[in-house]
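Be aware that the sequence shown starts at 6, since it is given in our numbering, and climbs by one per residue.
Cβ coordinates follow ideal geometry from the N, Cα and C atoms, glycine included.
Since we're looking at a predicted model, the values are computed, not measured.
This report refers to the structure that appears directly beneath it.
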Amino acid sequence: LLLRGEPGLLGPTVNNGDSYLVPRRDGRILVGSTMENVGFSAFTTPDAIARLRALARRLFPATEGMVGEMTWAGLRPATPDRMP
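Now the structure itself:
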């Protein structure tokens, strides 16, 4: 999820386990990430976007009300047991 923010609003990257907020120089904040077992579907889901928005609010409350500019999804191929 990419949120539109003001430059300098968020300092360094915020890491929280597998989740993160990454500030961009132009003020945008990248919020990630999610993982869902949906086969080969590279689409975002409303539930995933809601979870990312909640994560952003929890880690950095100033994201409340920020406009979401875009979302995207990628594929992370893996074996069922997650072993190579």
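Residue i: first and last residue of the uninterrupted alpha helix (DSSP H) it sits in
i     : result
Ala51 : Reading the sequence as shown, one finds Pro at residue 51 and not Ala. Looking at the DSSP string, the run of the alpha helix (DSSP H) that includes Pro51 is 51 to 64.
Residue i classed as buried or exposed, judged by whether at least 16 other C-beta atoms fall within 10 angstroms
i     : result
Thr68 : buried
Gly10 : buried
Arg33 : buried
Val36 : buried
Pro90 : Outside the displayed span of the chain (6 to 89) sits residue 90, for which this structure offers no information.
Strand pairing of residue i, partner residues [DSSP]
i     : result
Ser24 : Asn21
Arg9  : Val72
Span of the beta strand (DSSP E), counted from its first residue to its last, around residue i
i     : result
Gly16 : Here Gly16 belongs to no beta strand (DSSP E), and DSSP marks it neither H nor E.
Leu80 : No beta strand (DSSP E) contains Leu80, which DSSP labels as neither H nor E.
Leu37 : Looking at the sequence itself, residue 37 is Gly, so the reference to Leu does not match. First-last of the beta strand (DSSP E) with Gly37: 34 to 37.
Contact belief for residue i with residue j at Cβ below 8 Å, rounded distance in angstroms
i      : j     : result
Thr39  : Leu14 : That pair is no contact at about 23 Å.
Leu26  : Ala61 : 6 Å
Arg30  : Pro12 : 7 Å
Leu143 : Val72 : The structure shown does not extend to residue 143, since the chain is modelled only from 6 through 89, so no value can be given for it.
Leu80  : Ala47 : 6 Å
Original post:
Can we say the stretch 15 to 23 touches the stretch 71 to 80, given the rule of at least three CB pairs closer than 8 Å?
Top reply: For the pair of segments examined, the stretch 15 to 23 was found not to touch the stretch 71 to 80: the number of CB pairs separated by less than 8 Å stays below three.
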